[in-house]
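Asker: In the numbering used here, the protein residues as written are 2 to 74.
(1) For residue 9, which of helix, strand or coil comes out of DSSP?
(2) Looking only at its own chain, which residues have a Cβ that is under 6 Å from the Cβ of residue 25, when we skip the five neighbours before and after it?
(3) Using only the alpha-carbon positions, how far apart do residue 58 and residue 40 sit?
(4) Do you know offhand how far residue 55's Cα is from residue 23's?
(5) DSSP state of residue 69, grouped into three classes?
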C-alpha cells in the first residue's frame, strides 16, 4: 500500500501524489466526500483507481494516508 500525499490545488480539487512512483494526478471522484464520512474508492484523472479506508471525520488537508490500488477490470 503506497503512502499518498493529498493536498488542495488552487482550484479546490484534491491532488493525489505518490512519490515512489512519481505519480501526480487530480482526484476526479471520491466515494465518500463529506465532513461526516470520507474515503472509499478514488478515481484519478488518468483513470486509475485507489481505495482509502473510510474515516470519520474527514482528514485535514494536506495529509499523508495509506491507499490500496484497485485492480483494473
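C-beta atoms are modelled at their ideal positions from N, C-alpha and C, and glycine is treated no differently. These numbers come from a predicted model, not from an experiment.
Answerer: Concretely, from the data shown:
(1) strand
(2) 18
(3) 10 Å
(4) 25 Å
(5) strand
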